[in-house]
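In this note's numbering, the protein residues as written are 1 to 186.
Positions of the beta carbon are idealized from the N, C-alpha and C atoms, including for glycine.
Before any comments, here is the structure.
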Amino acid sequence: MSDSKPLGRVVVMSGPSGAGKTSVCRELKKHPRVEFSVSATTRAPREHEVDGVDYHFLDREEFERRVEAGEFIEHAEYSGNYYGTLRAPMERALAEGRVYVLEIEVQGTKQLRDSGLEATYIFVAPPSLDEVRRRLVARGTDDAAEIDRRIEIAARELDAQSRYDHVVVNDDLDRAIREVEELVGL
Ligand code: 5GP
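Next comes the structure, spelled out in structure tokens:
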């Protein structure tokens, strides 16, 4: 028997805002081998969000400096703000044999695929755009204009689903969670 650590691996969860990615991911966090990537963003923190836990909140200048320094494995502009995945924590988690989960939008996923990053790419799809709107309104974190922008982006993002390894339709959260756990081998 080998006493070496299991190999780490990456899971990329993507799909429109309001598809329920975060709810699915929240459950995955309960598995001890799972670690979540904390992205950097220039978006203003929402009321309950904690710097360093939900995101690393940066101003645009600092974000751009880190892009130049090569600190991100991908980054994208979404609804007027930058979002990006930091390289160093991912490399550390993989060396520790963790299942490292990224929750990102579709442009960033495309960059990772194009870069050749080996990962399980999962698209979490909403049952419909009407349902996305309903969820964004119920979440209460975005104003009406922002919700309209997110719906517009979601409609475009849905076109990307064929480029993923798996599509999980989140019409029933418990079922969607079980499906993802199975795909990821948790
Ligand atoms: P929100 O503002 O709702 O937190 O996030 C907006 C969108 O950006 C969501 O689809 C979310 O998954 C995505 N996102 C969060 N972090 C990253 C990241 O590091 N890179 C990319 N490309 N997208 C991200």
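Per DSSP, residue 42 lies in no alpha helix (DSSP H) segment and is marked neither H nor E. If the five residues before and after residue 132 are omitted, its C-beta is found closer than 7 Å to the C-beta atoms of 16, 18, 19, 126, 151, 154, all from its own chain and listed in chain order. Annotation for residue 76 indicates a beta carbon within 6 Å of some heavy atom of the ligand 5GP.
Judged by their CB atoms, residue 99 and residue 156 are not nearer to each other than the 7 Å cut-off. For residue 14, the enclosing beta strand (DSSP E) covers residues 9-14. Residue 103 has 13 as its beta-bridge partners, per DSSP. Around the Cβ of residue 7, a 10 Å sphere holds fewer than 16 other Cβ atoms; the residue is exposed. Proximity to residue 165 across 175, 174, 148, 183 peaks at 183, based on C-alpha coordinates.
Taking all protein chains in view, the Cβ of residue 112 is crowded by 16 or more other Cβ atoms within 10 Å, so the residue is classified as buried. Residue environment analysis places residue 66 among the buried positions, since at least 16 neighbouring C-beta atoms fall within 10 angstroms of its C-beta.
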